Each structure stands twice: as structure tokens, then as C-alpha cells.
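Just below is one structure, and these are the notes that go with it.
Numbering (the numbering used here), first residue to last: 626 to 734.
Put into C-alpha cells, the structure is as follows:
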């Protein structure tokens with residue numbers, strides 16, 4: 626386990642100046658995994674952590690490379706992954722309800 630510092634709030638560049646409205650959170654934990662999506666110089670970077678106490682922390686950054694457009698970061702904390710059958714499905718549903726995992730349409734055929 627290591628000390629991890631993540632941020633929440635917004636950042637943007639306007640006429641070459643950095644404008645930040647951020648807060649930092651520090652905890653002891655480990656990274657579980659990450660996702661990265663990008664399209665048209667905008668994207669989402671989501672990192673999943675487990676704290677020393679067993680909580681799950683999701684750090685989601687909705688970023689843009691366009692000047693004047695803000696990059697927003699959010700921190701979501703969940704009690705745990707659970708220890709019973711179906712815990713992963715319940716955790717996935719919680720992530721979807723929090724808006725961390727966008728709904729996806731699946732087409733078969």
C-alpha cells in the first residue's frame with residue numbers, strides 16, 4: 626500500500642493562464658485498475674483504488690484538450706466490493722448509477 630493523492634474540481638486554460646478550482650484528497654491504498662476513453666480531443670480517465678480500510682475509491686477525470694474548456698475531476702467512495710456472491714454485479718450497478726460507467730448499447734448479429 627502506498628500514499629495516493631488525487632484531486633477533484635475543475636481546471637481550464639484561458640489565454641495561456643491556468644485557472645484551477647481543486648481540492649486534493651490523500652489516502653493510503655492501492656490501484657486496482659484504470660480505464661481510458663478518448664474522442665475528438667476529449668475523454669474520460671477513471672482509476673479504481675482500494676483503501677487501507679477496504680473502501681473503494683473511484684477517481685474520474687473528464688478532460689478536454691480544447692482551450693477554454695474545463696477538465697473536471699470527481700471522487701466517488703464506495704463502502705467495499707462486498708464479500709458475497711453477486712458483489713461484483715452490485716458494485717457495477719452502483720458505478721452505473723453514479724454515472725461513472727456510461728450505459729452501453731450492445732448489438733448482436
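Glycine residues also receive a C-beta, built at the ideal position from the N, C-alpha and C atoms.
Here the structure is a predicted model, which means the values were calculated and not measured.
| query | result |
| --- | --- |
| Where residue 702 falls, given that 16 or more other Cβ within 10 Å makes a residue buried | exposed |
| Local conformation of residue 628 per DSSP, three classes | strand |
| Integer Cβ distance of residue 632 from residue 647, believed to fall under 8 Å | 5 Å |
| Per DSSP, the bridge partner or partners of residue 685 | 671 and 699 |
| Terminal residues of the beta strand (DSSP E) in which residue 723 lies | Where residue 723 is concerned, there is no enclosing beta strand (DSSP E), given that its DSSP letter is neither H nor E. |
| Rounded straight-line distance, which links the Cα of residue 685 to that of residue 672 | 7 Å |
| Classification of residue 725 by the beta-carbon crowding that lies within 10 angstroms, buried from 16 upward | buried |
| Burial state of residue 710, where buried means 16 or more other Cβ atoms lie within 10 Å | With a pLDDT of only 46 at residue 710, under the threshold of 50, the placement of this residue in the model should not be trusted, and no figure is reported. |
| DSSP bridge partner residues for residue 635 (one or two, in chain order) | 646 and 697 |
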